[in-house]
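With the sequence shown counted from 1, adding 1 to any position gets you my numbering. Below: one structure, written as C-alpha cells.
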Amino acid sequence: MEDTAIVTSIGLPNPITTDESDGAMLEVVGGTPLSGQATISGAKNSALVVMAGTLLCSQPCRIRNIPHLMDIERMGEVLTALGVGLKREDDALVVDASTIAHTKAPYDVVSRLRASFFVIGPLLARMGVARIPLPGGCAIGARPVELHVRGLQAMGADVHIEHGTVHAYVPGSGGRLKGAKIYLDYPSVGATETLMMAATLADGETIIENAAQEPEVADLANFCRAMGARIRGAGTNTITIVGVPSLHSTDYGIIPDRIEAGTLLVAGAITRSELSLYPVIPEHLTAVIAKLHEMGGQVVVEGHSRVRYLPAHTISSTDIQTGPFPGFPTDMQAQFMALMAVCEGSSLITETVFENRLRHVAELNRMGADIRLNGNCAIIKGVHQLSGAPVLATDLRASAALVLAGLAAKGTTTIQGLHHLDRGYDDLEGKLRRLGANLRRYTDAAAATTTA
Ligand code: UD1
2 MEDTAIVTSI GLPNPITTDE SDGAMLEVVG GTPLSGQATI SGAKNSALVV MAGTLLCSQP
62 CRIRNIPHLM DIERMGEVLT ALGVGLKRED DALVVDASTI AHTKAPYDVV SRLRASFFVI
122 GPLLARMGVA RIPLPGGCAI GARPVELHVR GLQAMGADVH IEHGTVHAYV PGSGGRLKGA
182 KIYLDYPSVG ATETLMMAAT LADGETIIEN AAQEPEVADL ANFCRAMGAR IRGAGTNTIT
242 IVGVPSLHST DYGIIPDRIE AGTLLVAGAI TRSELSLYPV IPEHLTAVIA KLHEMGGQVV
302 VEGHSRVRYL PAHTISSTDI QTGPFPGFPT DMQAQFMALM AVCEGSSLIT ETVFENRLRH
362 VAELNRMGAD IRLNGNCAII KGVHQLSGAP VLATDLRASA ALVLAGLAAK GTTTIQGLHH
422 LDRGYDDLEG KLRRLGANLR RYTDAAAATT TA
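In C-alpha cells form, the structure reads like this:
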C-alpha cells in the first residue's frame, strides 16, 4: 500500500536527528556467525546527485529506490529551500521543480552535506544563476571545488567567490551556458556530475575528458537521458553531451548501493559466514570481489543481480591502493582495513584519493589491531583476534569498519559518533541483526538504558 504524504522529513520512517545520533551508542557483541540474505538499498551517491538533477526539469519526476538516510534528508532540505516540492511515496520520491523560488542554497545545510554543492550545475543551467556556499572541508579532507568552477567557467559562466559563497551566473540575454571541451585534471566524481548536468541544457556540444567513470555517474546520465538529455559515453573517460532546450518528466529507479553491498561482503568475510546479497550489479563490485578472492574468500555471482559470499577457513593478506573507478574504491578502504586487521600476514593500504582518510587506524588499534601509519600508507599486521573496546566513529565508512571489527572481536565493542553511520547506511544495524549479528543501539550513550 502506498503511503503518500507531503513531508518535511523525506526519508526516514522515524527520522533520526543529528542530535539523537550524536548522543547514541551502538553496542556490538562479537563472535556470532552470520547467515542468510540481505537486501541492498539504493545507492546513496546516485540518489543524492539524481535529486540535484531533478532541478534541470520543469516537470515533476519520480525517483524510485531512494535509501532512508540522513544525507538524503539534507539534500531534500536544500531542494525545499530552493522552493522545490517533495513528496515521499514509500521508497520513491516525487520531486516537483516546476517552480524554483530561490537560487541561493542555505549555508547551514550545504556545510553539512558536501554533495549539496552539486546543485550548482543544474541550477545554473536552468536558471542562469546560482549562489552556493562553499561546502568547506570534511572529516576526510579539504575537498576543494575548483574543478567544478573551472568547468562552469569554460561553459561561459561568470563565477566568483565572495564571503564564502560561489556566485555563478550566465552573462547575456537568455542566460544559456555554452557547450565546451573540458579536460578534468583529475577524474572527480562530483565535478563530472556537475558539468554533465550543466551541459544537458547548454547551447551546443560539451565534451568532458578524463571524466570520472563511477557507476553513479552513469546512473545520473541514464536519469538525464530518461528526461530527454543527449549524453554519450557516461561510464567511460570521455562523455559527450549535446544540449537540449528543455527536459521532461520521468520515472527512474536508482541502482543498488555497491558500497553497502561491499560492506556486507566484508561482514561475511570477517565473521567467516555465508551470505547472499540482492539486488546488486556484480560488475560494480569487480575490484572488491577481486580483493576478497585474493584474500581466500569466494564470491559467487548468481544471475544478474545476486552475489553470495562463501567463507574461507583462512583469510590471507593482500595490498590495496585506492583509486578512481574501476580502481579500488576509497569508500571501501576502511572496511577492508578491519578485515586485514584479523587476517594471516601483513597487508599494505595506500590511500590516494583523500588526504585524511586513515583516522580509523587509531580506533582499530584500540581494539588490538596492529596498524602503523606512514603518510598515506597503512601497514597492517594481522592479529589472531581483536578485542571489544569503546571506540569513536571518525567518518562514514570508518563507522562501518568499526561495526565490522566489532562483529569479529572478542567481547563487546561500543561505538559512538553514530551520526556518521546514519548519514550513509540504510538500517545497517537492522540488516546485520536479521543476519544474526548481536548488536543494539542505545539512544542515550550516557544512560545506556533505552534501545532504539
Ligand atoms: C564522491 C563520493 C564519495 C567518494 C568520492 C571518490 C558522492 C556524493 N560522494 O565524492 O563517496 O568517496 O566520490 O570516489 O558522490 N578534488 C579536487 N578538486 C575538485 C574536486 C575534487 O581537488 O574540484 C579532489 C578531492 O579533494 C578528492 C579527490 O579529488 O581528493 C576526489 O574527489 P571527488 O571524486 O570529487 O569526490 P566527491 O565527488 O566529492
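Glycine is no exception: its CB is placed at the ideal position from the N, C-alpha and C atoms. Since the model is a prediction, treat every value here as computed from it, not as a measurement.
Of the choices the options, whose alpha-carbon is the least far from that of residue i?
{"i": "alanine 401", "options": "Ile282, Pro123, Asn46 and Phe337", "result": "Phe337"}
{"i": "alanine 48", "options": "Leu276, His69 and Leu178", "result": "His69"}
{"i": "tyrosine 187", "options": "Pro145, Glu275 and Thr413", "result": "Pro145"}
{"i": "glycine 244", "options": "Pro123, Pro391 and Thr251", "result": "Pro123"}
{"i": "threonine 195", "options": "Val130, Phe119, Met333 and Glu356", "result": "Phe119"}
{"i": "leucine 83", "options": "Val130, Leu202 and Gly376", "result": "Val130"}
{"i": "glycine 175", "options": "Ala126, Ala192, Pro134 and Leu221", "result": "Ala126"}
{"i": "glycine 165", "options": "Thr207, Leu374, Pro107 and Val50", "result": "Pro107"}
{"i": "valine 133", "options": "Val85, Ile316, Gly173 and Val110", "result": "The amino acid at residue 133 is misidentified as valine; the sequence shows isoleucine. Closest option to isoleucine 133, Cα to Cα, is Val110."}
{"i": "lysine 432", "options": "Thr33, Gly32, Gln38 and Leu114", "result": "Gln38"}
{"i": "glycine 157", "options": "Cys225, His149 and Arg177", "result": "Arg177"}
{"i": "methionine 128", "options": "Thr237, Tyr426, Leu221 and Ser247", "result": "Ser247"}
{"i": "histidine 249", "options": "Arg309, His149, Val96 and Ile271", "result": "Val96"}
{"i": "proline 325", "options": "Val150, Thr104 and Thr193", "result": "Thr193"}
{"i": "valine 171", "options": "Gly180, Glu163 and Asp159", "result": "Asp159"}
{"i": "threonine 55", "options": "Arg309, Leu153 and Leu202", "result": "Leu202"}
{"i": "glycine 31", "options": "Ala410, Leu153 and Asp427", "result": "Ala410"}
{"i": "glycine 86", "options": "Asp72, Arg63 and Met71", "result": "Arg63"}
{"i": "serine 318", "options": "Glu275, Glu352, Ala270 and Glu356", "result": "Ala270"}
{"i": "glutamate 275", "options": "Gly298, His294 and Ile260", "result": "Gly298"}
{"i": "glutamate 295", "options": "Leu286, Asp427, Arg273 and Asp320", "result": "Asp320"}
{"i": "serine 277", "options": "Arg233, Gly304 and Val308", "result": "Val308"}
{"i": "isoleucine 67", "options": "Ala53, Lys45 and Pro61", "result": "Lys45"}
{"i": "alanine 262", "options": "Ala342, Glu215, Thr444 and Leu429", "result": "Leu429"}
List the whole-angstrom C-beta distance separating residue i from residue j, where the pair is believed to meet the contact cut-off of C-beta under 8 Å.
{"i": "alanine 25", "j": "leucine 408", "result": "No, alanine 25 and leucine 408 are not in contact; Cβ-Cβ is about 19 Å, not under 8 Å."}
{"i": "isoleucine 57", "j": "methionine 197", "result": "Note on residue identity: the sequence assigns leucine, not isoleucine, to residue 57. 11 Å between Cβ atoms; not a contact."}
{"i": "alanine 219", "j": "alanine 200", "result": "Contact flag wrong, Cβ pair sits at about 15 Å."}
{"i": "serine 348", "j": "glycine 369", "result": "No, serine 348 and glycine 369 are not in contact; Cβ-Cβ is about 16 Å, not under 8 Å."}
{"i": "serine 42", "j": "glycine 437", "result": "Serine 42 to glycine 437, Cβ: 20 Å. No contact."}
{"i": "valine 29", "j": "valine 404", "result": "6 Å"}
{"i": "isoleucine 121", "j": "valine 167", "result": "7 Å"}
{"i": "arginine 442", "j": "leucine 27", "result": "5 Å"}
{"i": "leucine 153", "j": "alanine 169", "result": "6 Å"}
{"i": "isoleucine 240", "j": "isoleucine 209", "result": "5 Å"}
{"i": "leucine 359", "j": "leucine 374", "result": "6 Å"}
So is the beta-carbon of residue i under 7 Å away from any non-hydrogen atom of the ligand UD1?
{"i": "arginine 144", "result": "yes"}
{"i": "threonine 331", "result": "yes"}
{"i": "glutamate 210", "result": "no"}
{"i": "phenylalanine 355", "result": "yes"}
{"i": "valine 51", "result": "no"}
{"i": "leucine 286", "result": "no"}
{"i": "histidine 161", "result": "no"}
{"i": "tyrosine 187", "result": "yes"}
{"i": "valine 343", "result": "no"}
{"i": "arginine 127", "result": "no"}
{"i": "arginine 115", "result": "yes"}
{"i": "glycine 191", "result": "yes"}
{"i": "asparagine 46", "result": "yes"}
{"i": "glutamate 217", "result": "yes"}
{"i": "glutamate 147", "result": "yes"}
{"i": "alanine 213", "result": "yes"}
Given 8 Å as the limit, is there contact between the stretch 356 to 374 and the stretch 290 to 298, that is, 3 or more CB pairs closer than that?
no
Is there contact here, the stretch 63 to 83 with the stretch 264 to 274, by at least three beta-carbon pairs under 8 Å?
no
Does the contact criterion of 3 or more C-beta pairs under 8 Å hold for the stretch 90 to 101 versus the stretch 278 to 288?
In short, these stretches do not touch, since the Cβ pair count stays below three.
Three or more beta-carbon pairs under 8 Å between the stretch 249 to 260 and the stretch 377 to 393, yes or no?
no
If you pair each beta-carbon of the stretch 305 to 313 with each one of the stretch 376 to 383, do three or more pairs fall below 8 Å?
no
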